[in-house]
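Counting from 1 along the sequence shown, just add 145 to a position and that's the residue number in the working numbering.
All C-beta atoms in this analysis are idealised placements derived from N, C-alpha and C, irrespective of residue type, glycine included.
Comments concern the structure below.
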Amino acid sequence: MMAQMQGFGRRYIKAFLKGFFVAVPVTVTFLDKVACIARVEGVSMQPSLNPGGKQVSDVVLLNHWSIRNYEVQRGDIVSLVSPRNPEQKIIKRVIALEGDIIKTISYKTKYVKVPNGHIWVEGDHRGHSFDSNAFGPVSLGLLHARATHILWPPERWQKLPPKLPPERQPLQKE
Numbered sequence: 146m147m148a149q150m151q152g153f154g155r156r157y158i159k160a161f162l163k164g165f166f167v168a169v170p171v172t173v174t175f176l177d178k179v180a181c182i183a184r185v186e187g188v189s190m191q192p193s194l195n196p197g198g199k200q201v202s203d204v205v206l207l208n209h210w211s212i213r214n215y216e217v218q219r220g221d222i223v224s225l226v227s228p229r230n231p232e233q234k235i236i237k238r239v240i241a242l243e244g245d246i247i248k249t250i251s252y253k254t255k256y257v258k259v260p261n262g263h264i265w266v267e268g269d270h271r272g273h274s275f276d277s278n279a280f281g282p283v284s285l286g287l288l289h290a291r292a293t294h295i296l297w298p299p300e301r302w303q304k305l306p307p308k309l310p311p312e313r314q315p316l317q318k319e
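Structure, rendered in structure tokens:
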């Protein structure tokens, strides 16, 4: 009886380890290449995200797969590596694409033509956002993911469609 229990224990541990060594790489690959979730902090994207301020943070689904070819459109909410702090990810709305001419809000020049391989991003809460008006056009290589849905809190479950504020339309689209 004792020998049977030891055999069962070994089989159980062996099966567990096999599953573990398959599940971990699959999970890591999925989270890195397909999608993950993230908590949105701060007020820069109000009222679209975190409308309640600091009381409740929205949790969003970030789709990595949808931007694998750097295909974004005006109005998308994207996660990107901060141009000023590579350790930090920020979430902003795409306002203009490469070739577009945009009227800036507080950038060093009044008008900017977005260079090839770049986008112009802004937070929805003007004056409370560290965005392209502070650091200029952003390289597409800094894109991390597209925010596609709000997952938490439950009363805010929704898809995040591309939405460009009418007053932030590019002056000239390429």
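Can you give me the C-alpha to C-alpha distance between residue i and residue j, rounded to a whole angstrom?
i    : j    : result
K159 : C181 : 30 angstroms
Y256 : V266 : 14 angstroms
V259 : L242 : 7 angstroms
E186 : L207 : 14 angstroms
P310 : G220 : 8 angstroms
T293 : S284 : 21 angstroms
A148 : R156 : Only weak support exists for where A148 lies, its pLDDT of 49 falling under 50; the value from the coordinates is given anyway. Their backbone Cα atoms lie some 12 angstroms apart in a straight line.
P196 : Q317 : 31 angstroms
D245 : N214 : 19 angstroms
S300 : S251 : Reading the sequence as shown, one finds Glu at residue 300 and not Ser. Those two C-alpha atoms are separated by around 35 angstroms.
H209 : I247 : 27 angstroms
G272 : T249 : 12 angstroms
Q218 : P298 : 26 angstroms
With distances taken Cα to Cα, identify the nearest neighbour of residue i among the options.
i    : options                   : result
L288 : G262, L296 and R313       : G262
G286 : I212, K253 and S193       : I212
G268 : Y157, L194 and R155       : L194
E216 : E300, L296 and R291       : R291
G281 : H273, K304 and K253       : K253
R229 : V201, T249, G244 and N278 : N278
S189 : P298, S274 and P306       : S274
S202 : P231, A183, L305 and I264 : A183
I264 : G272, P315, R271 and L305 : P315
Just checking my contact of residue i with residue j at CB under 8 angstroms: how many whole Å lie between their CB atoms?
i    : j    : result
K234 : V223 : In fact, because the Cβ distance is near 10 angstroms, the residues do not count as touching under 8 angstroms.
K308 : D276 : That pair is no contact at about 16 angstroms.
Q191 : H270 : 4 angstroms
Going along the chain, which residues of its own chain have a beta-carbon closer than 8 angstroms to the beta-carbon of residue i, five neighbours each way excluded?
i    : result
W302 : H294, I295 and L296
L305 : S193, V205, I222, A292, T293, H294 and I295
Which same chain residues, not among the five before or five after residue i, have their C-beta less than 6 angstroms away from its C-beta?
i    : result
R313 : I240
M146 : Here M146 scores only 49 on pLDDT, less than 50, and its place in the model should not be relied on; the value that follows carries that caveat. Result list for M146: empty, nothing under 6 angstroms.
In chain order, what residues of the same chain lie with their CB nearer than 7 angstroms to the CB of residue i, ignoring the 5 residues before and after it?
i    : result
P231 : none
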